[in-house]
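Colleague:
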Amino acid sequence: MTPPLNPNSPALFRAALALDPLGDDLRAAMDLAAGAGFSGVAVGARHRTLAPANLGPTGRRHLRRTLASRGLQLTCLRSGARAGGIFDPATVDRCVTEALAAIQLAGDLKAPTVSVYLGDPGPGAPPPETWRRAVDALAEQADRVGIQLALSSSAVAPLARILAVINAPWVQANLDTLRLLGAGDNLQSALPTLAGRIGLWTCADAVRSGNALRPVELGCGQAQPEKILSALREIDFHGPIVADVRDLSNPAAARAATFLRTELSRYTTGT
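Heads up: the sequence shown is residues 4 to 274, going by the numbering used here.
1) Going by DSSP in three states, T94 sits in which element: helix, strand or coil?
2) Under the DSSP definition of a beta bridge, which residues are partnered with W204?
3) Could you tell me which uninterrupted alpha helix (DSSP H) segments, each at least 4 residues in length, are contained entirely in the region 93 to 125, listed from first to last along the chain?
4) Work out the CA separation of R68 and P10 for me, nearest whole Å.
5) At least one CB of chain B closer than 8 Å to the CB of L152: is that the case?
6) Put P130 into one of helix, strand or coil per three-state DSSP.
7) If I'm right that A137 touches I89 with Cβ under 8 Å, what's the distance once you round it to whole angstroms?
8) Per DSSP, what kind of secondary structure is T215 in: helix, strand or coil?
9) For a test of the three-state rule: what should DSSP assign to G83, helix, strand or coil?
10) Which word fits S72, buried or exposed, when buried means at least 16 other C-beta atoms lie within 10 angstroms of its C-beta?
11) My understanding is that A37 touches G74, with C-beta atoms under 8 Å, so please give their C-beta distance in whole angstroms.
12) Classify G88 as helix, strand or coil using the three-state DSSP reduction.
13) With DSSP run on the structure shown, which of helix, strand or coil describes A48?
14) CB-CB under 6 Å to L194, same chain, minus the five flanking residues each way: which ones, in chain order?
15) From the DSSP secondary-structure annotation, give me the bridge partner or partners of Q76.
16) Classify A226 as helix, strand or coil using the three-state DSSP reduction.
17) Between which two residues does the beta strand (DSSP E) holding L154 run?
18) Go to P161, then tell me how far its alpha helix (DSSP H) extends in each direction, as first and last residue.
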């Protein structure tokens with residue numbers, strides 16, 4: 004079991020900052036995360052710094068040293084599908100190939116978790132034959148490498164169906180609040196549906212108007228992250244938290260850290 008969070012720690016234990024929205028300069032983004040008080044970072048597998056041409060064995064050792072020098076851990080690598088993802092025959096192979104590469108890279112970089120956005124299944128319930136082989140391949144690779152796999156989709160129902168079929172404790176759900184809010188899901192009702200299978204919380208906030216979704220700073224939108232955290236506490240969630248400030252300005256990262264520090268202290272002390 005994960006040790007309890009320490010509200011007196013200068014860092015946010017088990018809280019990471021997603022670096023992708025902060026630009027191509029990964030070193031500057033790391034400095035921002037460390038300065039804000041995050042203990043970890045999450046990086047998209049497509050970030051140009053992680054491209055095979057830029058990150059051979061020496062580069063990977065240097066990246067680990069750079070993180071360690073800032074007191075940071077690489078909490079999560081992120082792999083995202085385009086459009087239909089594993090639910091579309093035209094995109095499933097690319098989705099799986101990129102996710103498998105991210106899992107292998109996570110093993111090389113000693114990152115404990117890979118989050119994979121599986122895509123949008125579209126209307127209706129996708130039959131297992133459209134996705135089972137793809138998810139099985141990801142689960143087998145994650146087991147082989149020894150990492151946790153956190154899956155997300157554009158809606159709760161198909162994700163819950165996938166997890167019900169994939170009976171592997173290292174395959175869990177990524178509760179991605181912005182994607183679920185964009186799909187119109189009620190986040191509070193989503194938690195009981197995924198209870199016991201949530202391995203990662205990607206924490207973001209936004210305001211929805213019709214079909215448009217506008218990211219805002221944590222605590223300023225409709226996601227109500229403080230209520231989500233309280234609900235996660237009730238279902239004994241111990242997974243990592245990734246704060247994603249998306250397209251907001253850099254000060255949003257520091258304000259996200261302040262927001263999470265306050266809420267996590269309540270989460271720890273039970274107030």
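For every residue, glycine included, the Cβ atom is placed at its ideal position computed from N, Cα and C.
Modeller: Taking the geometry as given:
1) T94: coil per DSSP, three-state reduction.
2) Paired residues: L178 and I244.
3) Unbroken alpha helix (DSSP H) runs of no fewer than 4 residues, entirely contained in the region 93 to 125, are found at 95 to 112, following chain order.
4) For P10, the predicted structure reports a pLDDT of 35, less than 50, and the residue's modelled location is therefore unreliable. The matter cannot be settled from this model.
5) Structure shown: chain B not included; a single protein chain is present.
6) Of the three classes helix, strand and coil, the one that applies to P130 here is coil, per DSSP.
7) Yes, A137 and I89 are in contact; Cβ-Cβ is about 4 Å, under 8 Å.
8) The residue asked about is misnamed: residue 215 is Ala in this sequence, not Thr. Strand, per DSSP.
9) Strand, per DSSP.
10) S72 is exposed by the Cβ-count criterion.
11) Yes, A37 and G74 are in contact; Cβ-Cβ is about 6 Å, under 8 Å.
12) In this structure, G88 counts as helix in the three-state DSSP scheme.
13) The three-state reading of DSSP puts A48 in coil, since its state is none of H, G, I, E or B.
14) Contacts found: A234.
15) In the DSSP assignment, Q76 forms a beta bridge with G43.
16) Coil at A226, not helix or strand.
17) Its beta strand (DSSP E) spans residues Q151 to S155.
18) Here the alpha helix (DSSP H) through P161 covers V159 to V168.
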